[in-house]
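Heads up: the sequence shown begins at 726 in this note's numbering, then just goes up one per residue. Glycine included, every Cβ here is placed at the ideal spot set by N, Cα and C. Take a look at the structure below.
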Amino acid sequence: MLIKKDQIDFEKGLIIYDKKSKFENDFGFIPITEDVERLLRNELRKSPSDCEHVFTFRAKRTFNGKVRGRRYPITYEGFKSEMGRAVQRAGLKDWRRIHDLRHTAATELLRASKDLTATRDLLGHSDVSQTERYAHVISDDVRKAMEARSRARR
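And the structure:
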């Protein structure tokens with residue numbers, strides 16, 4: 726959530742971020758799709774010019790030094806709290822943590838692309854073996870396709 730404005734390169738179509746690894750100048754890249762570009766441009770219009778962050782929220786009340794009506798960066802903790810409330814309102818029972826969003830995105834990417842290497846790169850894993858935990862998606866899809874074929878032959 727703490728994407729900064731200077732991390733976005735619309736010309737190259739990338740969000741560039743520091744991996745915070747033990748290596749100096751170790752950067753990761755997230756491609757900007759049409760949908761992501763639309764989202765980013767919309768958020769940038771809302772973000773105050775004196776704020777370096779892309780994703781912001783409007784304070785509903787004056788609290789903890791925040792002034793009602795002003796926009797502030799969305800923090801990890803703030804996002805986590807809001808997601809928890811949204812999950813409760815939606816009645817979702819199996820929601821556990823924010824990291825589940827990353828897992829879901831990786832699973833959907835792998836299901837759509839069938840590309841373990843691209844999924845590894847997007848997740849920032851150093852080794853494809855870290856990404857293989859998502860490989861069950863491919864075998865599940867193959868199994869479903871084989872079962873559909875069997876049903877069609879009956």
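Please list the segments of the alpha helix (DSSP H) lying wholly inside the region 747-818, counting only runs of 4 or more residues, in order along the chain. Entirely contained in the region 747-818, the alpha helix (DSSP H) runs reaching 4 residues are, in chain order, 759-771, 801-815.
Whole-angstrom Cβ separation of G809 and K744, contact assumed at under 8 Å? About 28 Å; that fails the 8 Å criterion.
L835 and I799 - do their beta-carbons sit closer together than 8 Å? no
Any chance the region 757-764 sits against the region 787-801, with 3 or more Cβ pairs inside 8 Å? Contact between the region 757-764 and the region 787-801 is absent: fewer than 3 CB-CB pairs across the two stretches fall below 8 Å.
Whose CA, out of E768, L739, S851, lies closest to the CA of P756? L739
Start-to-end residues for the alpha helix (DSSP H) that takes in I728: First-last for I728: undefined, no H or E at that position.
How would you write the range of the beta strand (DSSP E) that I823 sits in, first residue to last? Here I823 belongs to no beta strand (DSSP E), and DSSP marks it neither H nor E.
Give the single residue among I741, D734, A860 whose Cα lies nearest to the Cα of A831. For A831, the closest of I741, D734, A860 by C-alpha to C-alpha distance is A860.
On a CA-only basis, which of G794, A815, D819, A784 is nearest G803? Give me that one, please. Among G794, A815, D819, A784, the Cα nearest to that of G803 is on A784.
Mapping DSSP to helix, strand and coil, what is D852? coil
Give the C-beta separation of Y797 and F782 to the nearest angstrom, bearing in mind that I take them to be a contact with Cβ-Cβ under 8 Å. With a contact defined as Cβ atoms closer than 8 Å, Y797 and F782 qualify at about 6 Å.
Measure from the alpha carbon of L769 to the alpha carbon of each residue in D731, T842, R793, G794, then state which is nearest. The option with the nearest alpha carbon to L769 is D731.
Tell me which same chain residues have a C-beta within less than 7 Å of the C-beta of C776, skipping the five on either side of it? R796, P798
Taking the alpha-carbon positions, what's the D846 to I728 distance? Approximately 19 Å, taken between the alpha carbons.
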